[in-house]
Structures are given as C-alpha cells and as structure tokens.
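Let me begin by presenting the structure, written as structure tokens, before commenting on it.
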Amino acid sequence: MALTLHFHPLSSFCWKVLIALYENGAAFEPRLINLGDPAARAAFQALWPTAKIPLLDDDGRIVPETSIMIEHLDRRHPGKIRLLPDDPEEQLEVRLWDRLFDNYVMHPMRQVIAQHLRPEADRDPRSITEAIAGLGVAYDMIEHRLGKRTWAAGEGFSMADCAAAPALFYARTVLPFPPGDTNLAAYFERLMARPSVRRTITEARPHFKYFPLREAIPTRFLSDGANAF
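Residue numbers for the sequence shown, in the working numbering: 17 to 245.
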C-alpha cells in the first residue's frame, strides 16, 4: 500500500491527519507506534529524526508535520472533497484557522495534559494556570471570529476543521466552554457529528482508559448506545 500513517490513536495531532484521510477516502495502512519501546523509537527515528507522530510515508517519500501532510494528500491523493480550496485568499483563511487551532488550542491543551502525566508532586501549577488562561483567550477569539459560519474557514469543511476537532475535543477536558460561547459550542457539535470525526473518536475509544483526564471525557463519547455523540 502506497500510504502508511505512523500514529497513536490518542494523539490529537494524529487525529487531525486521520480525519483528513477519512474525508478524502484515501486507502492507507495505519501503523501504531509505541515510542516507549526503545527499538521501535530507534526505527521510527531513522525515518524522521524528531521521532514525532504522526508521520506519513507515501511510497517511500516521508512527509512530516500535520498541515504539510494534509496539503500533500490534497495535492497528490485528491479525494471526495478538497481540504484546501483553489482560491488563494480562501487558502490563506484555511491556513490561518489551522494555525489558530494548532497553536492556541492544541498547544496549551497539550501543556496541561503533559503536566497531568507527571506525578502530582512534580507538576508545575503555574504552567497549568497559564495554559488554561491561554485556552480561555482562544475560546473567546474563536467565538467572536467564527460567528455564524458553518465551518471554521467558511461553508466548506477544510484542513482547519481537521485541526479543530481534536483540539477542541481534548481542550474541553481541560477547560469546558463558557456558557455564553454559543457559536463555539454549536461548531463543536457540528464537528462531532461529522462522520470522519465520529470514526476517529470511535477507533480511539479503547485507548481512552490511558488518557490522564479520562474522567472529563463526556460519557456520550464512550458508548455505542443511543446517546453516543
């Protein structure tokens, strides 16, 4: 198979690329990486020196960095929808929102979770407080910039929404959305209803027991029942 995605099912950045792959319908081999295994880490590092997941292998061509992976897929393996529009100005809007979600939602969320992976005595309360405050700023920015758009960059689902879904899913376990952020909350529900997002979350579900803030994941995401999602 030409496309191989090296990934871990709990990683928010891996979700971002999985959602893109499921959106465009590209056939690929998912290859789970255990970076805690020294031999597996060494083999993976031989592919890309940073040893960061995800990593896309396109028939021997190594493609790192999630946004670059999605642009690569959009150009080299076009599918059912375009995740970057043809219009240059619309592309800039998609890239802007992609950066906003990665840098101002995904990054502080991951900082908090990284602290919770440490023993409680080794955690840095100031780092947690600052990261949560940053998330609050991001929520406010999204609420007001998003307005009544259907998707982050307009009316079409795009790379920006691939970034938004995992970022917001995990961010809510760190800091719930403020009650007044109705645009953000409605956008989140649209993301959660997207088949590519539902599939990604469902496949990750068996691994949620290893997530340090698993008690904060709403029960509707933990079940296949009538109330799921």
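From the three backbone atoms N, C-alpha and C, an ideal C-beta is built for every residue, glycine too.
| Check | Outcome |
| --- | --- |
| With a CB to CB cut of under 8 Å and the five nearest residues on each side skipped, what residues in its chain are close to Pro-141? | none |
| For the beta strand (DSSP E) containing Phe-23, list its first residue and its last residue. | 19-23 |
| Over what stretch of residues does the beta strand (DSSP E) that includes Val-79 continue unbroken? | 77-79 |
| Return the bridge partner residues of Glu-45 from the DSSP annotation. | Thr-20 |
| What three-state label does DSSP hand Trp-31 in the structure shown? | helix |
| On the DSSP bridge assignment, give the partners of Asp-74 in chain order. | Leu-19 and Arg-77 |
| Looking at His-123 and Ala-42, is the spacing between their C-beta atoms short of 7 Å? | no |
| Unbroken alpha helix (DSSP H) runs of length 4 or more, entirely within the stretch 180-230: which are they? | 198-209 and 211-220 |
| Would you kindly report the start and end of the unbroken alpha helix (DSSP H) that includes Pro-104? | 104-117 |
| Would you call the stretch 211-224 and the stretch 18-33 in contact, with 3 or more CB pairs under 8 Å? | yes |
| Does the pairing of the stretch 32-41 with the stretch 90-104 give three or more beta-carbon distances under 8 Å? | yes |
| Would you grab the beta carbon distance between Leu-200 and Ile-158 for me? Rounded to a whole angstrom, and I think it's under 8 Å. | 5 Å |
| Just checking my contact of Leu-184 with Val-128 at CB under 8 Å: how many whole Å lie between their CB atoms? | About 14 Å separates the two Cβ atoms, so there is no contact after all. |
| Looking at the strands, I want to know which residues DSSP matches up with Trp-64. | Per DSSP, none; premise fails for Trp-64. |
| Comparing alpha-carbon positions, which option in Ala-55, Cys-178 and Arg-230 lies nearest Arg-215? | Cys-178 |
| Would you mind stating whether Met-175 and Asp-138 have Cβ atoms separated by less than 7 Å? | no |
| Determine the contact status of Leu-72 and Met-85, defining contact as a CB-CB distance below 7 Å. | yes |
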